[in-house]
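Residue numbers (our numbering): 1032 to 1400.
In structure tokens:
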């Protein structure tokens, strides 16, 4: 039996690692250990509950006012004895968070092999997104196995000198997670409030948009509401106090906008299903929404998911008010343009990424037995 340890600390990581953890728990040849950093405590706990995951080790690092430096250093300190105690045959990390980078570095220092889930995403702009772009590039240098969600991400790794035999195109586990949360009878009070109107689901929180970008986004949404009395905007607001304060200051006066608490993954996936259009600066939703036939306008100047732009499921619109309005109006008013985006083929897989990841792990263990 081989021991694998999944390490993560934020809500998006937990959502995308949950299908692997569930699949590994059913595999008689694997002992699956789960370690969380709790970089984001409350938001992480909601996902753990939704997917019925109980961590074996909880570092519980979240502190008020934590910095990238403090997150990195405390994970290195607290994770080391856990890895020394468990001595897994492989550590699995996901994506591009500071937990991902620090955990991979810690495993590397202990010479434990690392498998990187959702490997190879790139913008090649070191500060966009920050710090994620550099985190994922550094993790690629530390990893033994690279589970790329698409051929484009695999090609990025090849271009960087990663050995082809260590790269596996698996699809994205975000699509696997959607299969675990689907509910055709779903109900939520925000949907009752929307009352059958077309729903625009808004998420906005990235660091690079917190220096003027959010104001432009909120102004654009207010203008859309003025022009379209038939829309309702649901905004699950990030817990960052600055974002919350600005959102309430600018948006509370509009009765077409509903600011709600951050949604648990079960709720979030099902509200996506009931939405008409997604406006977001998030990453994972760029994969999830197209799988449900929902067009996505990306409120960023770059994306590490160019496959979606190429396929036509995403459109980069940045944070300038005029551009957001132009592209939103097009999808609200032009049925053909909307159909072209909503019916575009999703490039992120078929919901079987976890199976492929476990198969690759077994092949590695057998080869190195």
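From the three backbone atoms N, C-alpha and C, an ideal C-beta is built for every residue, glycine too.
A distance of 8 Å or more separates the beta carbons of residue 1146 and residue 1169.
Within its own chain, the residues whose Cβ lies closer than 8 Å to the Cβ of residue 1115, once the five positions on either side in sequence are excluded, are 1141, listed in chain order. The beta carbons of residue 1087 and residue 1065 sit about 5 Å from each other, so the pair counts as a contact at 8 Å. Residue 1346 is bridged by DSSP to 1328. The alpha-carbon separation between residue 1381 and residue 1356 amounts to approximately 33 Å. Contact annotation: residue 1228 and residue 1261 have beta-carbon atoms nearer than 8 Å.
A straight line joining the alpha-carbon of residue 1370 with that of residue 1362 spans about 9 Å.
The beta carbons of residue 1221 and residue 1303 sit about 12 Å from each other, so the pair does not count as a contact at 8 Å. Within the region 1127-1214, complete alpha helix (DSSP H) segments of at least 4 residues are found at 1129-1140, 1163-1173, 1182-1190, 1204-1212, given in chain order.
Annotation: residue 1239 to residue 1253 spans about 21 Å, alpha carbon to alpha carbon. The straight-line gap separating the alpha-carbon atoms of residue 1223 and residue 1368 is approximately 28 Å. Beta bridge pairing from DSSP links residue 1089 with 1067.
Distance check between residue 1307 and each of 1297, 1324, 1299, 1293 places 1324 closest, using alpha-carbon atoms only. In the three-state DSSP reduction, residue 1037 falls in the strand class (E or B). The region 1205-1216 makes contact with the region 1039-1051, as at least three CB pairs between them are under 8 Å. Secondary structure of residue 1084 (DSSP, three-state): coil.
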